[in-house]
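Residues in the sequence shown are numbered consecutively from 140, following the working numbering.
Every residue gets a Cβ at the ideal spot worked out from N, C-alpha and C, and that includes glycine.
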Amino acid sequence: MHAKNLNIPARRVNMSTNAEISRGLSNIPESTGNSEDLILEVVQGFNNGIIQLHEVVEAMQSSLAHKDASIRGQGTWVLVEVLHKLPKDAVQTQAASFLTSFLCDRLRDHHSVVPHVVYGMLAMVEMKHISGDDVINLVRGLFREIHCQSQVMSDRRNIYTFLKHCVISRGSDTEKMGADFVFGFISAMDGEKDPRNLMLLFTMVPVIVKIFNLGPFTEEMFEVVAAYFPIDFMPPPGDPYGIAAEDLVLGLRNCLASSPNFAPFCIPLLEEKLNSDLKSAKLDALYTLAACCKVYSAEDIRPHALVLLGDISREVMEGWSSQLEEAGLEALTAMVSALLREPSSFQIQDIVNQLTNTVLMDCTCHLAAPEQRLMYPSWRLLCAVVVAHEMPAAIIVDKVLPLLASQFMTKTGDTARKNTIDILARLMNKASRFPGLSEGEGSLASHQEVCWKAFQTGLETVSIPVQEATVSALTIALPALREDLCLEVTNVLMDQLLTTDRNSLRDSITKFLVALCSENQSAVNDCVVPRFLTLLQNNDSKVSKKQIFETLAFLPCGVAVLSKVVGALWTYAENTLIISEPDCVGSLQCISKIVECSVNDQECLQFLVEEWQGVRKILTLGITAVLAQQSTSTPVLHHLAAICRNLIGKLCDPIVTVQPLVFLLLGKSIEEEPVETLLQKFPQLPSFAKQMTSHPQDNTKASFLVHLLEGLTISLPQHVQLEGQRQLLELLWYLSVRATTPSIQFCAAVLQATLINKMKPDESFAEVLYNAQTCFGNILDNIENGDTRKSALTSWVWLTKALVMKGHPDAFIWVEKIKSLFPDPDLGIQAAKSFEVILKDHEYALTPQTKAIVRLLYRQHFFESVLSGILVVFHQSSGISKHNTLLAVSSMLTHVPHQVLNVHITSLFPVLLSGLSSSEDFVVEGTLKTLSSVLTFPAHHASPHVSSLIPTLLSLATNHSLVTRLTSLECLCGLASLDTKILLPYREEVVRSLKVTLNDKKRLVREVSRKARCNWILVGAPGGL
């Protein structure tokens, strides 16, 4: 083995002979000045067979047996370091026995030598060939000769690490020591205080308890562990070791819950801590009880069950801490589960019955008073018992369900009835987890009719809040309802949905239907979907078509419902395409939402793509819409493209599906499915598609096919290039500047940017980029092109965005072109606002969801790169150029993280002040938002500008838009943290001016105004800001 494979410092060491190594070892301590090199020579010599281990020990005899303890310590340290740096399989069994004897003997040496010996024992126990007897000898020697707590912390850590290795890696050997090891470990652990060492010990205790029979030392082991309960450790500030109190708490909890033999000692301890005045002690005791109940037997818990129930009930009923309440309920559930975990004896069943009846007796009186605070704590106690086991659940359900149902029908107050029906439903829900209660003569099954009458009463009441609470309760109780009742409930709620005119009740019913789809898809298919589809044809319904579409969009959660809903909606869209475009758009929007939520399910995706043939259907309807005389509808095509985009984006190999369809839309005919099917339906399509590149006046209809091209190609993977992509890009370049419809121009610009973003950076990419730059650059440079220049600039900006996000080195050449247009009277404002386009996320284009190449932190890189140049232009220009530069900076500020802005805040402040006086409302609002965010940090950069900043903010705080008023007041609030001597001259003016804003018509403004005025009143006051 080479030196580089050893755990030693990397340095060059010359090969030494046996005599040279022996001479160096015999000269200890004279040679210890260069001890690292000496140790490295010994290890290399051993690995190369130059020297043997016994020769090393013999050569070191003078130092190891020296009369001076310090020299013996130096010699022992060198030997131990050699052992640690040797490979783990280097020492054979005979040599290991020799070294074991040596180390055990040296445990009786001077106290300054002992730490090196212990460290050497750690090296020995890690050796692969050490025998079990030698491991036992090392452990016995350690326990016999070393008093652990007399050692310093680092040496104790070595002792515990040694013991941990013995227990975990050599457990079969140490197990032979039996009680001797247990006693020695208890002695070593007793009194340990260092948190790092305790973490080691807490990981060892559960293993020791599992391996060894504790026998007479059970109580001693428990006591030495329980002495740390509860943990009150608080890590010091800047703790380099990262030991958290929670780590120690969990480690100790695992120890206490490691053996059922600890139960007679642990449970009384937990009872004692539950009566503590410390919240932390109670919490720890409850969580520990829950953990212990998973291990302790029912017979161990039985004598303490009622006492623990009383302690837990007290914490839940008092309700002064939600943490204690949750921990108590968890502990109660764990305790009841433990009592009934195994076939129980008569005594166990008796104690469970007592416990259940006690809870019932304590809680039913509070359930009868639903207006009072204790109703819900009582319900939570009952619930904790119900979810624990079927046996107590049956008793509680049998007693409480009829009580609550009767109480709901007799009570008159809205609050009482809402609370009662809510708890009734929650109890049914919790009980439904036990199938035995819902079958045959089960307590839940036998009371379903009574409960349904209570729900019916709630649905028929005139009180709208009670009706809504009843619908919400039915949503909760849905898993507990029988099949026939579920259908009846669904029909009743559908009737209410069709007759009510209250949106809140409709929303509640919609949530029920969504939950029903998860629980009972057949009910949705049989009762819900047909009625909604009937309503779509009925124009007299109180339910608007928008509400129907919104509800149907939430329903599908499986192929059964998905197939029926999507199929029906698609048929409706086809039928309404010509006669009612708004209805068609609503149907397609609903399908788009359904597809977006369903494509992540592989079974649903397979249905949509293969069985339903979604891509072919989308193209068929899209081409129909384009060819129809009445419909060149952008909304219809937008939603079709969105559906197609979501489907294509989830395909494993989309190019197989997309390539022939792109050829078709480019006017090429190929003999492939589904192209042949589409050509049979639309034989004129190839010639029609070629019209896209004809004169703008002749290609208006054909150019709408670009929306379908977008749906097919925008979600393609990175570095996947279509055949004919060059032709596609040339078409998009043409449409982006020559099309007569703005939506087509924008769609073409976005799609070409997306395709270029995903291209490989090869020669083809460079050529495409050069052609685009030449094409659009020539148009931008010709001022006679008019509106075409604006279209070309849109394409230029989106291509710049694609290159910036890609991290392409030429991106900033494109940016410079945009900056050069600031003085242009026609394009200057558009060029300035384009910086926001580059930084702002689009809804779907150039995003990770559509598989775009997005450079990490591209916004920060872009802002850092362009800011200095833009600021130079701002300070050197005037007139329209200065105004547009200000627009560009303002456009970027809201899209850049505050941490980046703070770095440049000094140079940005003059620009921000100019932005506050801009005539553009969006510039003022964006500037105020940025200023408000940077003033939440130390605002000393604003100090030189307060003379102009404060009057401007005061004027903006009145008679402006809500956003402007709010953010200007927030800025004034942030300025109040500046140095007092700077603010004092302005305090009176600000306090007086802010008095007006206290009467603002908007509550949000009044709240911020009050806070800002208070902060300014306290400026310079004793104890103030």
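- Who are the near neighbours of D646 in its chain, counting only those whose CB is closer than 7 Å to its CB and skipping five residues on each side? Reading the sequence shown from its first residue, position 507 is the one you call residue 646. The answer is none, since no qualifying residue turns up.
- Query: When burial is assigned at 16 or more other CB atoms within 10 Å of the CB, is V1158 buried or exposed?
  - Reply: Position 1019 of the sequence shown, counting from 1, holds the residue named residue 1158. V1158 should be labelled buried.
- Message: Closest to P881 by C-alpha separation, out of I853, L790 and T773, would be which residue?
- Response: Position 742 of the sequence shown, counting from 1, holds the residue named residue 881. Of I853, L790 and T773, the residue nearest in Cα terms is T773.
- Task: Classify Q511 as buried or exposed, calling it buried when 16 or more other Cβ atoms lie within 10 Å of its own Cβ.
- Result: Locating residue 511 in the sequence shown gives position 372, counting from the first residue. So Q511 ends up on the exposed side.
- Out of T1136, L1143, K1068 and T1091, state which residue places its alpha-carbon closest to the alpha-carbon of T1106. As a working mapping, residue 1106 is identified with position 967 in the sequence shown. Comparing Cα-Cα distances from T1106 to each of T1136, L1143, K1068 and T1091, the minimum goes to K1068.
- Work out the CA separation of T1103 and E1064 for me, nearest whole Å. Along the sequence shown, read from residue 1 onward, the residue named residue 1064 stands at position 925. Along the sequence shown, read from residue 1 onward, the residue named residue 1103 stands at position 964. Whole-angstrom Cα-Cα distance: 6 Å.
- Message: In this structure, how does DSSP classify P774 when only helix, strand and coil are distinguished?
- Response: As a first step, residue 774 is located in the sequence shown; it is residue number 635 there, counting from the start. Helix, per DSSP.
- Mapping DSSP to helix, strand and coil, what is S236? Your numbering for residue 236 matches position 97 in the sequence shown. It is helical.
- Taking the alpha-carbon positions, what's the R1152 to V1129 distance? Residue mapping note: residue 1152 aligns to position 1013 of the sequence shown, counting from 1. Residue mapping note: residue 1129 aligns to position 990 of the sequence shown, counting from 1. Cα to Cα, R1152 sits roughly 8 Å from V1129.
- Query: Shortest alpha-carbon distance to A366 belongs to which of G354, K412 and V1073?
  - Reply: In the sequence shown, the residue the question calls residue 366 occupies position 227. It is K412 whose Cα lies nearest to the Cα of A366.
- Would you check if there are 3 or more beta carbon pairs closer than 8 Å linking the region 1027–1035 to the region 1002–1012? yes
- Query: With distances taken from CA atoms, which of V936, V748, P822 and D329 is nearest L766?
  - Reply: As a first step, residue 766 must be located in the sequence shown, where it is residue number 627. Nearest option by C-alpha distance: P822.
- Evaluate D640 with the Cβ neighbour count: other Cβ atoms within 10 Å of its Cβ, from every protein chain shown; 16 or more gives buried, anything less gives exposed. For this step, residue 640 is matched to residue 501 along the sequence shown. The residue is exposed, with fewer than 16 neighbouring Cβ atoms inside 10 Å.
- Query: Where does the unbroken alpha helix (DSSP H) through V601 begin, and where does it stop?
  - Reply: Numbered from 1 along the sequence shown, position 462 holds the residue referred to as residue 601. V601 -> no alpha helix (DSSP H), and no H or E assigned at all.
- Among I794, K1120, I534 and R1149, the one whose alpha carbon lies nearest that of A1160: The residue given as residue 1160 occupies position 1021 in the sequence shown. Considering only alpha carbons, the answer is K1120.
- Item | Beta-carbon spacing of V256, L242 below 8 Å | Taking the first residue of the sequence shown as 1, we reach residue 256 at position 117. Taking the first residue of the sequence shown as 1, we reach residue 242 at position 103. Yes, they are a contact pair.
- Within the present structure, is the beta-carbon of S484 separated from the nearest heavy atom of the ligand ATP by less than 7 Å? You won't find the ligand ATP in this model; it holds no ligand whatsoever.
- Query: Can L506 and L543 be called in contact, C-beta distance under 8 Å?
  - Reply: Position 367 of the sequence shown, counted from the first residue, corresponds to residue 506. Position 404 of the sequence shown, counted from the first residue, corresponds to residue 543. In this structure, L543 lies closer than 8 Å to L506 by Cβ.
- Item | CB contact flag (I350, F324, <8 Å) | The residue labelled residue 350 in the question sits at position 211 within the sequence shown. The residue labelled residue 324 in the question sits at position 185 within the sequence shown. In this structure, F324 does not lie closer than 8 Å to I350 by Cβ.
- Message: Quick check: P618 and N568, are their CB atoms within less than 8 Å of each other?
- Response: Mapped onto the sequence shown, residue 618 falls at position 479. Mapped onto the sequence shown, residue 568 falls at position 429. Cβ atoms of P618 and N568: closer than 8 Å.
- Message: Quick check on the burial criterion: 16 or more other C-beta atoms within 10 angstroms. Buried or exposed for P254?
- Response: Counting from 1 along the sequence shown, the entry for residue 254 is found at position 115. Counting Cβ neighbours within 10 Å, P254 comes out buried, since at least 16 surround it.
- Message: So, with DSSP's three-state summary, where would you put W937?
- Response: Along the sequence shown, one-based indexing puts residue 937 at 798. The answer is helix: DSSP assigns W937 an H, G or I state.
- Task: Quick one: which unbroken alpha helix (DSSP H) runs of 4-plus residues sit fully inside the region 650–725? Chain order, please.
- Result: 668–676, 684–693 and 698–715
- Query: If we ignore side chains and look at the alpha-carbon of each, how far apart do V1135 and P375 end up?
  - Reply: Numbered from its first residue, the sequence shown carries residue 1135 at position 996. Numbered from its first residue, the sequence shown carries residue 375 at position 236. Taking the straight line from one Cα to the other gives about 50 Å.
- Query: Span of the alpha helix (DSSP H) holding C791?
  - Reply: Translated into the one-based positions of the sequence shown, residue 791 becomes position 652. C791 -> no alpha helix (DSSP H), and no H or E assigned at all.
- Work out the CA separation of G1054 and I1089 for me, nearest whole Å. Here the question's residue 1089 lines up with position 950 in the sequence shown. Here the question's residue 1054 lines up with position 915 in the sequence shown. Looking at the two C-alpha atoms, the distance is approximately 14 Å.
- Query: So what's T1066 in DSSP terms, helix, strand or just coil?
  - Reply: The residue you call residue 1066 lines up with position 927 of the sequence shown. Note: T1066 maps to helix in three-state DSSP.
- Message: When you compare the CB positions of I269 and L281, do they come within less than 8 Å of one another, or not?
- Response: In the sequence shown, the residue the question calls residue 269 occupies position 130. In the sequence shown, the residue the question calls residue 281 occupies position 142. In this structure, L281 does not lie closer than 8 Å to I269 by Cβ.
- What do you reckon, are the CB atoms on N400 and L353 nearer than 8 Å? Residue mapping note: residue 400 aligns to position 261 of the sequence shown, counting from 1. Residue mapping note: residue 353 aligns to position 214 of the sequence shown, counting from 1. Contact: yes.
- Measure how close the beta-carbons of G916 and K956 come, nearest whole angstrom, since I'm counting them as under 8 Å. Sequence index remark: in the sequence shown, residue 916 carries index 777 (1-based). Sequence index remark: in the sequence shown, residue 956 carries index 817 (1-based). That belief holds up - the Cβ atoms of G916 and K956 are roughly 7 Å apart, short of 8 Å.
- Between the CA atoms of L1092 and H1014 - distance to the nearest angstrom: Within the sequence shown, the letter at position 875 stands for residue 1014. Within the sequence shown, the letter at position 953 stands for residue 1092. Approximately 23 Å, taken between the alpha carbons.
- Since I believe C914 is in contact with W872 (beta carbons under 8 Å), could you give me their beta-carbon distance rounded to a whole number of angstroms? Counted from its first residue, the sequence shown places residue 872 at position 733. Counted from its first residue, the sequence shown places residue 914 at position 775. With 8 Å as the limit, W872 and C914 qualify as a contact, their Cβ atoms being about 6 Å apart.
- Message: Between T893 and A941, how many whole angstroms is the CB-CB distance? I'm expecting something under 8 Å.
- Response: Locating residue 893 in the sequence shown gives position 754, where the first residue counts as 1. Locating residue 941 in the sequence shown gives position 802, where the first residue counts as 1. About 7 Å; that satisfies the 8 Å criterion.
- Message: Beta-carbon within less than 7 Å of M831's beta-carbon, same chain only, minus the 5 sequence neighbours each way: which residues are those?
- Response: What you label residue 831 is simply residue 692 of the sequence shown in a count that begins at 1. So the list reads N838, A841, S842, L844, L870 and L874, once near-sequence residues are dropped.
- For H586, name the three-state secondary structure that DSSP assigns. If you number the sequence shown from 1, residue 586 lands on position 447. Three-state DSSP puts H586 in coil, outside helix and strand.
- Task: Would you check if the region 648–661 and the region 696–704 touch, i.e. whether three or more CB-CB distances between them fall below 8 Å?
- Result: yes
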